[in-house]
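Peer 1: Pasting in a structure now, in structure tokens, and then I'll have a few things to ask.
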Amino acid sequence: MDAVRLQIEDFSQDAEVLALKASSKCMGGIATFIGCARDYSEGREVSEISFEAYERMALPELQKLRAEAIARFGLLDARIVHRLATVRAGDNIVFIATGAEHRAPALHACEWIIDELKSRVPIWKKEVTPAGDSWVTPHP
Amino acid sequence: MIKVLFFGPVSERIQTRELAMIHTAGMSLQDVINQLNEHYPQLFDIISFIAINGVQVRDRQTPLADNDEIAFMAKFSGG
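Chains A and B, in that order, give the protein sequences. Per our numbering, residue 1 is the first one in the first sequence, and the count goes up by one each step. Per our numbering, residue 1001 is the first one in the second sequence, and the count goes up by one each step.
As structure tokens, then:
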């Protein structure tokens, strides 16, 4: 399993954490983030969310993001998986795991990666609601 | 030929996902923008990023080569 992936299918948090841990026995702290689909947004019911990416640019940017996080926070390893599917409420969207010798860099790196991902990686989401579909405006 | 790509909210706005333009000697990114502006004046309101062959560019005078791929993109909303 590549450490950075764009994929339609769901991911397994357990499998990703196992893969992360396998990279080093010096890992004393692992932080994870899972982004999930909500069934509402800005007061509206949301039945589905669909994702579209410019994959030629998105995958290299995610790989660059992982490398930058490892260098910036002194991580032992990191993994990033983003789904490109139509998902329903409660479904997984994105997974990030960071491993370091201690907890602080792992936690900080995990938050940094999701923030950077949202502003740097060419992926767009569209919410499907009973009132119609709409592309999501970037949200902090 | 130059391949021009549109994604997500951009493709929906102009009802097009891909266009092909004839490459001419000395052509720059600005020439493509000018041509698109003529046909899709509503396009550039929501364009925040432009990439050539998968690499973001800011200089509109960037020269284009035959078979280049240009992507016009709105603000990202992944995650």
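Just so you know, even glycine gets a beta-carbon here, dropped at the ideal spot from N, CA and C.
(1) Please decide whether GLU1038 (chain B) counts as near chain A, where near means a Cβ-Cβ distance under 9 Å.
(2) Indicate whether at least one CB of chain B lies closer than 9 Å to the CB of GLY132 (chain A).
(3) Against chain A, does GLU1018 (chain B) count as a neighbour if the rule is that its beta carbon must be under 9 Å from one of theirs?
(4) According to DSSP, is SER119 (chain A) helix, strand or coil?
(5) Could you tell me whether the Cβ atoms of THR98 (chain A) and ASP77 (chain A) are closer together than 9 Å?
(6) GLU52 (chain A) lies in the beta strand (DSSP E); which residues open and close that run?
(7) Measuring alpha carbon to alpha carbon, tell me which of B:VAL1004, B:LEU1005 and B:ALA1074 ends up nearest ASP1045 (chain B).
(8) Strictly under 9 Å for the Cβ-Cβ distance: is ASP1065 (chain B) near chain A by that measure?
(9) Can you find a heavy atom of the ligand GDP that lies under 8 Å from the Cβ of SER1048 (chain B)?
(10) Quick check: VAL74 (chain A) and GLU111 (chain A), are their CB atoms within less than 9 Å of each other?
(11) Might you give, ordered along the chain, the residues of its own chain that have their beta carbon closer than 8 Å to the beta carbon of GLU1009 (chain B), omitting 5 neighbours on each side?
(12) So for ASP14 (chain A), helix, strand or coil by DSSP?
(13) If I measure Cβ to Cβ from ASN1037 (chain B) and keep anything under 8 Å in the same chain, skipping five residues before and after, which residues do I get?
(14) Three or more C-beta pairs under 8 Å: does that hold for the segment 64-74 of chain A against the segment 85-93 of chain A?
(15) Please work out which residues of its chain come closer than 7 Å, Cβ to Cβ, to TYR977 (chain B), disregarding the five sequence neighbours upstream and downstream, and give them in chain order.
Peer 2: Let me lay it out:
(1) As a position in the second sequence, residue 1038 (chain B) is number 38, starting the count at 1. No, GLU1038 (chain B) lies away from the interface with chain A (no Cβ there is under 9 Å from its Cβ).
(2) Looking up residue 132 (chain A) in the first sequence gives position 132. Answer no: the Cβ-Cβ gap between GLY132 (chain A) and chain B never drops below 9 Å.
(3) The sequence position of residue 1018 (chain B) within the second sequence is 18, counting from 1. Cβ-Cβ to chain A under 9 Å: no for GLU1018 (chain B).
(4) Looking up residue 119 (chain A) in the first sequence gives position 119. Reduced to three states, the DSSP call for SER119 (chain A) is helix.
(5) Residue 98 (chain A) sits at position 98 when you count from the first residue of the first sequence. Residue 77 (chain A) sits at position 77 when you count from the first residue of the first sequence. Yes, they are a contact pair.
(6) Against the first sequence, residue 52 (chain A) aligns to sequence position 52. Taken as a continuous stretch (DSSP letters only), the beta strand (DSSP E) holding GLU52 (chain A) covers 48-53.
(7) Position 45 of the second sequence holds residue 1045 (chain B). Residue B:ALA1074 is the option with its Cα nearest to ASP1045 (chain B).
(8) For the purposes of this step, residue 1065 (chain B) is taken as the residue at position 65 of the second sequence. Reading off the sequence shown, one finds Ala at residue 1065 (chain B), where the question assumed Asp. Cβ-Cβ to chain A under 9 Å: no for ALA1065 (chain B).
(9) For the ligand GDP, the structure offers nothing, since it holds no ligand at all.
(10) Translated into positions along the first sequence, residue 74 (chain A) becomes position 74. Translated into positions along the first sequence, residue 111 (chain A) becomes position 111. The displayed chain sequence assigns Gly, not Val, to residue 74 (chain A). No, they are not a contact pair.
(11) Walking along the second sequence from the start, residue 1009 (chain B) turns up at place 9. Per the sequence presented here, residue 1009 (chain B) reads as Pro, with Glu not at that position. Contacts found: ILE1046 and ALA1074.
(12) Position 14 of the first sequence, counting from 1, holds the residue named residue 14 (chain A). Looking at ASP14 (chain A) - three-state DSSP - the assignment turns out to be helix.
(13) Position 37 of the second sequence holds residue 1037 (chain B). Closer than 8 Å at Cβ, skipping near neighbours: LEU1043 and PHE1044.
(14) no
(15) This structure cannot settle anything about residue 977 (chain B), because the visible part of chain B is limited to 1001 through 1079.
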